[in-house]
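Numbering of the sequence shown is given in this note's numbering, commencing with residue 642 and proceeding in unit increments. Input: a single structure, listed below in structure tokens.
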Amino acid sequence: MSANWGNSNVGDRESFNITITRGMVTDFASLTGDKNLLHADRVFAQEKGFDDCVAHGMLLASLFSRLVGMYFLGNDNMYLSQTAEFRKPVLVGDVVTVAGEITEKLESVSLLRIKTTITNAQGEIAVLGEAKVGDRHYGG
Numbered sequence: 642m643s644a645n646w647g648n649s650n651v652g653d654r655e656s657f658n659i660t661i662t663r664g665m666v667t668d669f670a671s672l673t674g675d676k677n678l679l680h681a682d683r684v685f686a687q688e689k690g691f692d693d694c695v696a697h698g699m700l701l702a703s704l705f706s707r708l709v710g711m712y713f714l715g716n717d718n719m720y721l722s723q724t725a726e727f728r729k730p731v732l733v734g735d736v737v738t739v740a741g742e743i744t745e746k747l748e749s750v751s752l753l754r755i756k757t758t759i760t761n762a763q764g765e766i767a768v769l770g771e772a773k774v775g776d777r778h779y780g781g
């Protein structure tokens with residue numbers, strides 16, 4: 642974990658693995674109100690060609706918050722923005738790797754750009770994005 646701004650450098654990487662559970666998908670549907678049958682009904686999802694329910698894209702993207710908030714700068718960061726491009730479906734039961742790599746460090750404004758990815762067990766990118774993270778101590 643990059644403990645603070647001073648020891649964060651371009652090329653630093655962090656990652657974690659997580660299994661996407663039915664409970665996560667159900668909880669996210671309840672939280673957001675997105676109860677599309679692809680997310681909620683296994684039989685419906687199978688009729689559409691999937692082996693199981695499809696995880697919400699935004700559920701997956703929300704895992705970047707854990708990556709940024711707990712791995713890059715920890716309590717010293719301010720999450721400024723996140724892009725997300727959904728490239729492959731992720732299903733209930735899939736194990737994914739949530740990863741980030743610092744691609745730019747702008748000292749003058751205390752900003753990190755972090756390439757964010759979620760890959761499936763086959764190594765395919767399911768979600769690709771970029772986070773912009775600031776140092777919460779920056780007063781400029």
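Built from N, CA and C at the ideal position, the CB exists for glycine as well. Remember, it's a predicted structure, so these values are computed and weren't measured experimentally.
Item                                                                                        : Value
The alpha helix (DSSP H) enclosing Asp-668, as first and last residue numbers               : 663-673
Distance CB(Val-768)-CB(Leu-701) smaller than 8 angstroms                                   : yes
Within 8 angstroms, strictly: CB atoms of Ile-755 and Arg-728                               : no
CB of Asp-776 within 8 angstroms of CB of Ser-751, strictly                                 : yes
Distance between beta carbons of Asp-735 and Asn-761, contact taken as under 8 angstroms    : 6 angstroms
Beta-carbon gap between Gly-652 and Glu-771 smaller than 8 angstroms                        : no
Backbone secondary structure at Ser-751 - three-state DSSP                                  : coil
Beta-carbon proximity check, Leu-732 vs Phe-705, cutoff 8 angstroms                         : no
Closer than 7 angstroms: Val-684 CB and nearest the ligand MG heavy atom                    : In the structure shown, the ligand MG is absent, as is every other ligand, since no ligand is present at all.
CB contact flag (Phe-657, Val-709, <8 angstroms)                                            : no
Assumed close pair Arg-707, Cys-694 - CB separation to whole angstroms, cut-off 8 angstroms : Actually they do not touch by this definition, with Cβ atoms about 21 angstroms apart.
Lys-756 - partner residues in DSSP beta bridges                                             : Glu-742 and Glu-771
Ser-649 burial status per 10 Å Cβ neighbour count (16 or more: buried)                      : buried
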